[in-house]
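J.: Numbering of the sequence shown is given in my numbering, commencing with residue 3 and proceeding in unit increments.
Note that CB positions come from ideal geometry on N, CA and C, so glycine has one too.
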Amino acid sequence: MPAKTIAAGLAIMVCGLLTNNAWSDSLASFGLRTKDKNPCRLTDGRGFEAPTIVLMAGAYDKLSKDKVVVLEVIDAAINAGCDIDEPDELGLSPLNAAILYNEPALVERFLRAGADPYRRIVSSKASIDGLDAFEFLHMLMTKVPSQDRTALRAVLDRYQ
Numbered sequence: 003m004p005a006k007t008i009a010a011g012l013a014i015m016v017c018g019l020l021t022n023n024a025w026s027d028s029l030a031s032f033g034l035r036t037k038d039k040n041p042c043r044l045t046d047g048r049g050f051e052a053p054t055i056v057l058m059a060g061a062y063d064k065l066s067k068d069k070v071v072v073l074e075v076i077d078a079a080i081n082a083g084c085d086i087d088e089p090d091e092l093g094l095s096p097l098n099a100a101i102l103y104n105e106p107a108l109v110e111r112f113l114r115a116g117a118d119p120y121r122r123i124v125s126s127k128a129s130i131d132g133l134d135a136f137e138f139l140h141m142l143m144t145k146v147p148s149q150d151r152t153a154l155r156a157v158l159d160r161y162q
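#1: Is the CB-CB distance between Arg-114 and Leu-139 below 8 Å?
#2: For Thr-152 and Asp-85, what's the separation of their Cα atoms in angstroms?
#3: Determine, using beta carbons only, whether Ile-101 and Ala-135 come nearer to each other than 8 Å.
#4: Buried or exposed for Gly-49, please, with buried defined as at least 16 other CB atoms from any protein chain shown within 10 angstroms of its CB.
#5: Below 8 Å on the Cβ atoms is my contact criterion, and I expect Asp-63 with Tyr-103 to pass it. Report the Cβ-Cβ distance as a whole number of Å.
#6: Quick one: grab the DSSP three-state call for Arg-43.
#7: Ignoring anything shorter than 4 residues, give me the alpha helix (DSSP H) runs that lie fully in the region 85 to 122, in order along the chain.
#8: Assuming Pro-89 and Val-56 form a contact by the criterion Cβ under 8 Å, report the distance between their Cβ atoms to the nearest whole angstrom.
#9: Let me confirm a value: Ser-95 is counted as buried when at least 16 other C-beta atoms fall within 10 Å, else exposed. Which label applies?
#10: What does a CB cutoff of less than 7 Å around Ser-126 pick up in its chain, not counting 5 residues either side in sequence?
As structure tokens, then:
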């Protein structure tokens, strides 16, 4: 499923959350629905499935004009009891995704919500397997020195 379709579906889902409509009604027009009526996982029913919080972390930078709305969805998922550390198919937790996308505001939000920066990544990608959030950030800073990640370092250092 194309990222634009997923992002559009998430934007519609947000509208449903904010007006207290059922998630399923909001997602249906874009082919997305909650898995087993669980607000913590989204699916298209044809093989795509992802944890809501980490999916929203990925949508955060793609929906730049709707960042406040994305944050409200993240908060709604956290308040619904969704696991703040549930990883995606690559093994990245929402915190790791926020680090990857260089989003200090999300890193701060996830840490405040109880994300574990010492949780090890379990991934089939050898380059990230076994890293915690601090090591993952260090690896990214080393491999992509042109991207300024000092704000991420400052946020993470407060939780070390």
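T.: Here's the rundown:
#1: The answer is no: Cβ separation not under 8 Å.
#2: 27 Å
#3: yes
#4: Per the 10 Å Cβ criterion, exposed.
#5: 5 Å
#6: strand
#7: 96 to 102 and 106 to 114
#8: 7 Å
#9: Buried is the call here.
#10: none
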